[in-house]
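All remarks here apply to the structure that follows.
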Amino acid sequence: MWKFPLASAAATLGLMVMGTAALSQDVTSKLPGGATSLQESYQDWSLTCQSSTSTVTCGVSQQQTQQNGQRVLAVELRRNSDATLAGNVVLPFGLMLDAGAALQIDDSQPLEALRFSTCLPAGCIVPLTLDEGTVAALRAGSVLKIKVRSTDQKDIALSVSCWSVRQTAGGLIGKPRY
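Our numbering puts the first residue of the sequence shown at 107, with every later residue one more than the last.
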């Protein structure tokens, strides 16, 4: 049986976990028109950038919710100093934490299961780092599947589009947009 946190707790934790972590890429250029922050939407993904006196930091994120507004999945990605991406996946309660979460791009072989780091009132967090090969596969792919197992032993595959992440991650992968 799935248990979901209250929408207000999810929104609060989402801002705490994803708001600061998603804004971690250092870029030497400025935002358009001298803006101090920027948010763009690309279908189901959002690109968020903030500018300080010397840097612009950007990250991409997506949240999926049920019809009642409760979050089922949140993903955030940011660029590391090399060509890799790092981020977090926030998943609901009611999952077998020891089984971890496995990523699979399209129908390729699933990657090694990632471990949950902690659970907070808004959900359970899986930190992730995507190496250059995985980033290339993500850019070429259509769907990123996040596979987990519920506490009642049912396999669950949540899907995140790769097309939209390619659009928003233009500033995170390769030449920065801002």
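Glycine included, each C-beta is placed from N, C-alpha and C at the ideal position. Bear in mind the structure is a predicted one, so any value in this text is a computation, not a measurement.
How big is the Cα-Cα spacing for residue i and residue j?
i, j, result
"Glu218", "Leu209", "8 Å"
"Gly139", "Thr190", "29 Å"
"Asp261", "Thr142", "43 Å"
"Ala263", "Gly229", "17 Å"
"Ala205", "Leu220", "9 Å"
"Leu179", "Val195", "7 Å"
"Ser223", "Val232", "6 Å"
"Gln170", "Val162", "27 Å"
"Leu144", "Gly165", "11 Å"
"Asp258", "Ala207", "16 Å"
"Trp269", "Pro227", "31 Å"
Just to confirm, is the Cβ distance from residue i to residue j under 8 Å?
i, j, result
"Ile211", "Leu183", "no"
"Ala192", "Thr154", "no"
"Gln173", "Val181", "no"
"Ser285", "Gly200", "Since the first residue shown for the chain is 107 and the last is 284, residue 285 is missing from the structure and cannot be characterised."
"Ser248", "Gln149", "no"
"Ala246", "Ser214", "no"
Can you tell me whether residue i sits near the ligand MG, meaning its C-beta is under 7 Å from at least one heavy atom of the ligand?
i, result
"Ala205", "Of ligands this structure carries none, so the ligand MG is not represented either."
Would DSSP call residue i helix, strand or coil?
i, result
"Glu218", "coil"
"Thr257", "coil"
"Leu226", "strand"
"Thr240", "helix"
"Ala246", "helix"
"Gly140", "helix"
"Leu264", "strand"
Assuming residue i contacts residue j (C-beta within less than 8 Å), just tell me the rounded distance between them.
i, j, result
"Lys253", "Pro216", "6 Å"
"Ser160", "Leu137", "With a Cβ gap of about 13 Å, Ser160 and Leu137 do not count as contacting."
Mind checking who residue i pairs with in its DSSP beta bridge?
i, result
"Gly206", "None, per the DSSP bridge assignment."
"Thr163", "Gln156"
"Asn194", "Glu182 and Pro233"
"Gln168", "Val181"
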